[in-house]
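First to last, the protein sequences are chains A and B. In terms of the working numbering, the first sequence is numbered consecutively and its last residue is 254. In terms of the working numbering, the second sequence is numbered consecutively and its last residue is 254. Built from N, CA and C at the ideal position, the CB exists for glycine as well. As the structure is a prediction and not an experimental result, all values here were calculated from the model.
2 protein chains.
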Amino acid sequence: MARAATTSDPFNAVAEPRRRDILAFLAGRERSVSEIVAALGLEQPSISKHLRVLREVDLVRVRREGRQKLYRTNAVALRPLHEWTGEFERFWRDTLNRVKERAERSTAGASEPESEG
Amino acid sequence: MARAATTSDPFNAVAEPRRRDILAFLAGRERSVSEIVAALGLEQPSISKHLRVLREVDLVRVRREGRQKLYRTNAVALRPLHEWTGEFERFWRDTLNRVKERAERSTAGASEPESEG
DNA sequence: ACAATACATTCCTATATGGGAATATGTCAA
DNA sequence: TTGACATATTCCCATATAGGAATGTATTGT
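So this is what it looks like as structure tokens:
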């Protein structure tokens, strides 16, 4: 078996660097496909395919405007990823604090008890 | 071409659900491979392969303890993902605020002019 | 040295892409 | 309707897995 379909999983959808570029480019601002093509420097079909993936996990929204289609990042769909990674924040803070404490101890001399966090 | 190698990219590494499970299981706590196998219910070789991927992007750290190897999540390696998704936070907050305002307006009565984009 | 335990790696296979090229679909202008 | 423009989809192919099975390697105990 290969990896889970990107189509069903936002984690998978943003695993592709180009798609992250697209999401950043479309954040807070509508853009036509042509503009994305120009900005990203990929072929139009590639962009369309990436946009499709993003659409299917609701990471972007579209609306038609004449011949064009205007895409925009649906930022809230990134929230689960932000929250999932956020679960680990206290752990990396612990790590960073330990590093910091160690640094301070070796700088200040080894007498003071550290009371951080 | 297929997707970029998971080996070089933490975004790719966490795109796999099993690997997210492993990271959660190893957060803040060392565990032997056997324990991971027992907890995740996958074959030992599969676990070892996932662990290798996670190691290569520094999402886990190992140390040997006799015959066992003790793994632990290196949470700080998730920080870039947290920060990347965090870039979008203000956008989804805007969205949620608009939704909220709209709800409040329609609850409080429909006297105010709507000037939404 | 030899056996047992704990992991890691290799081989094989089915599947999921991602990009390029060609083609199809949709919309507007004349 | 015809033509041009803007996107989307399909076909083809090379590559990157993920899991299963078998095998290799490291460490401890006797």
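Comparing alpha-carbon positions, which option in A:V236, A:K237, A:T232 and A:E238 lies nearest B:A257?
Because residue 257 of chain B is not part of the residues shown, which for chain B are 138 to 254, the question remains open.
Could you name the residues of chain B that A:F162 contacts, counting a contact when the two beta carbons are closer than 7 angstroms?
Those do not exist, as A:F162 stays about 12 angstroms from chain B at its closest Cβ, beyond 7 angstroms.
Would you be able to state if there are at least three C-beta pairs under 8 angstroms between the stretch 143-159 of chain A and the stretch 140-147 of chain B?
They touch, by the three-pair rule.
With a threshold of 8 angstroms between beta-carbons, can B:N149 be considered close to chain A, or not?
Chain A, which has a Cβ nearer than 8 angstroms to the Cβ of B:N149, makes this yes.
Determine the direct distance from the alpha carbon of A:S243 to that of A:A150, and round the result to whole angstroms.
Taking the Cα positions, A:A150 is about 45 angstroms away from A:S243.
For A:E241, decide whether its Cβ has a neighbour in chain B, counting only Cβ atoms nearer than 8 angstroms.
No, A:E241 lies away from the interface with chain B (no Cβ there is under 8 angstroms from its Cβ).
Taking Cβ-Cβ distances shorter than 7 angstroms, what residues in chain A pair up with B:G165?
The contacting residues are F228.
Out of curiosity, what's the CA-to-CA distance linking B:E220 and B:V213?
Cα-Cα distance, rounded: 11 angstroms.
Assuming A:F225 contacts B:L215 (C-beta within less than 8 angstroms), just tell me the rounded distance between them.
About 5 angstroms separates the two Cβ atoms, so the contact holds.
Cβ neighbours of A:R239 in the same chain (closer than 8 angstroms, five flanking residues each side left out)
Contacts found: none.
For B:E153 and chain A, any beta-carbon pair shorter than 8 angstroms?
Yes, because at least one Cβ of chain A sits closer than 8 angstroms to the Cβ of B:E153.
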